[in-house]
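Undergrad:
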Amino acid sequence: MSSQLPDTQDYDYDVVIVGYGPSGVTAANFLGQYGISTGVFERAVDIYSRARAVTMDDYTMRLFQQAGLDHKLMADMDPRSILRWKTYDGHEFLRVSSPDTTYGHPANSQIFQPRVEKTLREGVGRYTDSVDVHFNHEFVDITQDSDGVGLTIRDHTTNTTREVRAKYVLACDGGSSRVRSLLKMELRGKSKPTEWVIVDAKVKSWWPERDLLTFWSDPDRPVVDMPLALGHHRWELPLRSHEKREDFESREALWELLAPFGVTDEQVEILQHAFYTHHVLMADRWRKDRVFLVGDAAHMMPPWAGQGMQSGVRDAHNISWKLRLVLEGRAPDGLLDLYQAEREPHVREMTKLAEMLGFFIEEPNPTKVAIRNRALPVLQKLPGIGPVIKEFRFKPAPTVKKGFINGHVGRGTAVGRMIPQPTVATRNAHQSLLDDFLGDGFAILGFDTDPREKLTDAQITSWETLGATFRTVRSTTHAPHTDDDLIDFTNVLMPWARKHRVSVVVLRPDRFVMATDRTGLDIPRLAGTYVQSPVTAPAA
Ligand SMILES: Cc1cc2nc3c(=O)[nH]c(=O)nc-3n(C[C@H](O)[C@H](O)[C@H](O)COP(=O)(O)OP(=O)(O)OC[C@H]3O[C@@H](n4cnc5c(N)ncnc54)[C@H](O)[C@@H]3O)c2cc1C
1 MSSQLPDTQD YDYDVVIVGY GPSGVTAANF LGQYGISTGV FERAVDIYSR
51 ARAVTMDDYT MRLFQQAGLD HKLMADMDPR SILRWKTYDG HEFLRVSSPD
101 TTYGHPANSQ IFQPRVEKTL REGVGRYTDS VDVHFNHEFV DITQDSDGVG
151 LTIRDHTTNT TREVRAKYVL ACDGGSSRVR SLLKMELRGK SKPTEWVIVD
201 AKVKSWWPER DLLTFWSDPD RPVVDMPLAL GHHRWELPLR SHEKREDFES
251 REALWELLAP FGVTDEQVEI LQHAFYTHHV LMADRWRKDR VFLVGDAAHM
301 MPPWAGQGMQ SGVRDAHNIS WKLRLVLEGR APDGLLDLYQ AEREPHVREM
351 TKLAEMLGFF IEEPNPTKVA IRNRALPVLQ KLPGIGPVIK EFRFKPAPTV
401 KKGFINGHVG RGTAVGRMIP QPTVATRNAH QSLLDDFLGD GFAILGFDTD
451 PREKLTDAQI TSWETLGATF RTVRSTTHAP HTDDDLIDFT NVLMPWARKH
501 RVSVVVLRPD RFVMATDRTG LDIPRLAGTY VQSPVTAPAA
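Using the UniProt record's numbering, the letters of the sequence shown map in sequence onto residues 1 to 540.
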């Protein structure tokens with residue numbers, strides 16, 4: 001593939017996004033922020049009204065912080081970290097509560113997906129200079145050559161068809177992705193046989209413990225009972241083998257489903273219901289030449305860990321910052337090959353977590369359920385395993401295991417891990433979360449040292465070419481030297497650096513550590529060239 005693209009005027013857009021769900025709108029926000037000419041084509045005229053995703057965690061919120069949208073999103077969310085498992089007769093056999101981590105946002109918040117999407121779409125409104133959004137425009141066909149991608153788009157408002165040409169395409173068109181099918185990118189995995197009915201309601205009158213996310217564990221009919229943000233509530237119930245969708249078309253049938261929880265039309269107004277099956281599916285490849293699958297188009301997992309939409313958000317950020325570097329001519333096209341390598345392992349971890357939680361929720365075998373319900377209260381009391389269960393520590397911490405990093409994730413190593421995000425202060429005592437001082441690209445932090453002093457001149461030039469920001473973190477016992485110094489007055493970063501025995505770290509745009517003075521501070525090598533060739537000389 002040619003790394004030298006023809007002149008921009010040969011293209012309608014640098015990037016076309018097909019589909020404007022959570023993944024597409026996230027990519028549009030980041031590409032807009034980077035000033036990349038972007039065209040979005042969305043088949044629907046409005047936001048999909050069914051609330052699907054219900055939670056958002058600190059990893060995802062940290063990315064939205066970088067998009068400048070965390071405060072707006074948070075205003076419509078309910079931070080909530082307790083999950084509990086109960087039997088129908090009221091016996092609570094498991095309660096899990098994730099303590100807030102150090103990433104700067106609540107470990108878990110309940111959301112209302114249509115509102116999240118609305119806020120994200122408003123965010124894209126900041127970038128009308130570079131991002132065009134076309135609703136009621138359906139993607140129909142695709143062709144690729146060595147320099148670009150041609151898309152056939154049907155405008156349903158005018159009933160006309162147009163051809164659009166772009167350098168790269170992000171297929172954010174969901175689980176039934178037409179882009180994926182046309183490019184013959186295969187989905188592998190399985191779909192679960194059970195159908196679930198989802199009942200979405202608006203709260204009229206609060207009932208006892210309505211705010212606790214409860215899994216009613218009954219092998220005959222397990223039920224997920226969830227408070228959502230903005231006064232919404234949701235129940236998810238599996239259909240029994242003899243039941244059909246038609247059995248639940250009437251409101252009376254839905255009220256009957258909710259009756260065991262004591263919920264009537266005095267407590268809630270039922271807004272809508274829908275039927276879903278769950279999938280464990282992943283595309284074998286997420287890139288075909290200039291086209292990338294993002295979000296549900298690339299992978300689908302059961303909803304139990306609340307990670308499906310969030311995985312799409314992370315994909316969208318990952319591919320967007322890589323595209324930025326390549327389109328700006330600062331990194332070779334090979335960087336884009338690392339998108340799947342970096343994202344797939346985390347998606348697989350989250351899928352495994354969802355399947356494990358599924359065992360706690362939907363296991364139909366009465367014997368296994370009886371053993372589980374008796375064992376869990378005992379296990380929770382054991383000194384070693386108890387806290388792991390009760391504090392949800394079995395949710396893996398975010399890591400980048402391979403890809404654009406120097407080194408490997410291992411015990412005690414910083415590389416590949418997300419750096420904590422405390423509140424820090426500047427010399428004039430302005431306080432904010434760490435990332436607010438680091439820009440939206442690479443950042444190089446020195447701990448009680450100017451990071452430039454640990455880099456060779458060539459390394460400094462290379463990192464500057466990639467747009468890196470340089471900052472010194474000072475402990476609160478030291479006076480800052482410059483306006484760029486950040487004071488770690490909550491005493492989080494300096495102990496973290498000592499624990500990992502590092503004095504300089506390079507952070508990627510997603511705030512994973514990609515290099516340290518222990519692993520070498522060069523830009524990782526890729527096939528192709530950077531504008532400034534990567535340097536290999538050891539740091540002075
Ligand atoms: C019951 C349920 C509960 C869930 N709970 C959670 C949760 O708690 N947390 C979580 O993170 N995730 C959850 N999910 C998953 C989450 O909803 C999805 O992962 C997420 O919506 C996927 O976003 P996406 O943008 O990739 O795809 P989608 O949301 O499917 O968006 C795709 C977009 O592409 C458009 N499109 C499709 N084809 C075309 C075309 N040919 N041309 C133009 N446009 C097109 C569609 O109209 C749509 O707007 C849940 C899902 C379900 C079903």
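We put the beta carbon where it would ideally sit given N, CA and C, even for glycine. A quick note: this is a predicted structure, and the numbers were derived from the prediction, not measured.
Which full runs of the alpha helix (DSSP H) of 4+ residues lie inside the region 145-203, going along the chain?
TA: Runs found: 178-182.
Undergrad: Where does the unbroken alpha helix (DSSP H) through MET356 begin, and where does it stop?
TA: Note, MET356: alpha helix (DSSP H), 338-362.
Undergrad: In angstroms, rounded to a whole number, what distance separates the CA positions of SER3 and VAL291?
TA: Residue placement at SER3 is flagged as unreliable, the pLDDT there being 44, under the threshold of 50; a coordinate-derived value is accordingly withheld.
Undergrad: What's the gap between the Cα of ASP265 and the Cα of GLU256?
TA: Cα to Cα, the separation comes out at about 11 Å.
Undergrad: Kindly list the residues whose CB is nearer than 7 Å to the CB of LEU335, restricted to its own chain and excluding five residues on each side of it in sequence; keep chain order.
TA: The answer, listed in chain order, is LYS322, LEU325, VAL326, PHE404 and LEU526.
Undergrad: Enumerate in chain order the residues of its own chain whose CB-to-CB distance from PHE261 is below 7 Å, with the five nearest sequence positions on each side excluded.
TA: ASP225.
Undergrad: Tell me whether the beta-carbon of SER475 lies closer than 9 Å to the beta-carbon of ILE487.
TA: The answer is yes: Cβ separation under 9 Å.
Undergrad: Let's see if you can read the secondary structure: which residues bound the beta strand (DSSP E) around SER130?
TA: Where SER130 is concerned, there is no enclosing beta strand (DSSP E), given that its DSSP letter is neither H nor E.
Undergrad: Suppose only complete runs of 4+ residues qualify. What are the alpha helix (DSSP H) ranges in the region 12-59, listed by chain order?
TA: Runs found: 22-33.
Undergrad: Does DSSP put GLY520 in a helix, in a strand, or in coil?
TA: Three-state result, GLY520: coil.
Undergrad: Quick check on the burial criterion: 16 or more other C-beta atoms within 10 angstroms. Buried or exposed for PHE41?
TA: With 16 or more other Cβ atoms within 10 Å, it is buried.
Undergrad: Quick one: what does DSSP say SER241 is sitting in, helix, strand or coil?
TA: Correct three-state label for SER241: coil.
Undergrad: Within the continuous alpha helix (DSSP H) that includes residue 544, where are the two ends?
TA: This structure cannot settle anything about residue 544, because the visible part of the chain is limited to 1 through 540.
Undergrad: Is TYR339 a contact residue of ligand 1, with contact defined as CB to any heavy atom under 8 Å?
TA: Answer for TYR339: no, Cβ out of range of ligand 1.
Undergrad: Name the one or two DSSP bridge partners that GLN110 has.
TA: Beta-bridge pairing links GLN110 to THR55 and ASP78.
Undergrad: Can you name, in chain order, every residue of its own chain whose Cβ lies under 7 Å from the Cβ of VAL268, other than the five neighbours on each side?
TA: If we look at VAL268 and ignore the five residues flanking it on each side, its Cβ neighbours are ALA201, LYS202, VAL203, LYS204 and HIS233.
Undergrad: When the Cα of TRP463 is compared with those of ALA515, MET418 and LEU357, which residue comes out closest?
TA: Checking every option, the nearest Cα to that of TRP463 belongs to ALA515.
Undergrad: May I ask you to report which of helix, strand or coil DSSP gives ARG251?
TA: Of the three classes helix, strand and coil, the one that applies to ARG251 here is helix, per DSSP.
Undergrad: I need the DSSP call for residue 585, collapsed to helix, strand or coil.
TA: Because the chain here runs from 1 to 540, residue 585 falls outside it and cannot be looked at.
Undergrad: Straight-line CA distance for ALA75 to MET61?
TA: C-alpha separation (whole angstroms): 12 Å.
Undergrad: Since GLN431 sits in a beta bridge, which residues does DSSP pair it with?
TA: DSSP output for GLN431 lists ALA425 as bridge partner(s).
Undergrad: Residue 551 lies in the alpha helix (DSSP H); which residues open and close that run?
TA: Because the chain in this structure spans residues 1 to 540, residue 551 falls outside the shown range and cannot be described.
Undergrad: Return yes when at least one heavy atom of ligand 1 lies under 8 Å from the C-beta of GLN310, else no.
TA: Yes, since a heavy atom of ligand 1 falls inside the 8 Å radius drawn around the Cβ of GLN310.
Undergrad: Quickly, what does DSSP pair PHE512 with across the bridge? List them, please.
TA: In DSSP, PHE512 forms a bridge with MET418.
Undergrad: Count the C-beta pairs between the region 91-106 and the region 373-386 that are closer than 8 Å, then say yes if the count reaches three, no if not.
TA: Yes, they touch.
Undergrad: With TYR20 and GLY39 assumed to form a contact (beta carbons below 8 Å), what rounded beta-carbon distance in angstroms separates them?
TA: Wrong, their Cβ atoms sit about 11 Å apart, outside the cutoff.
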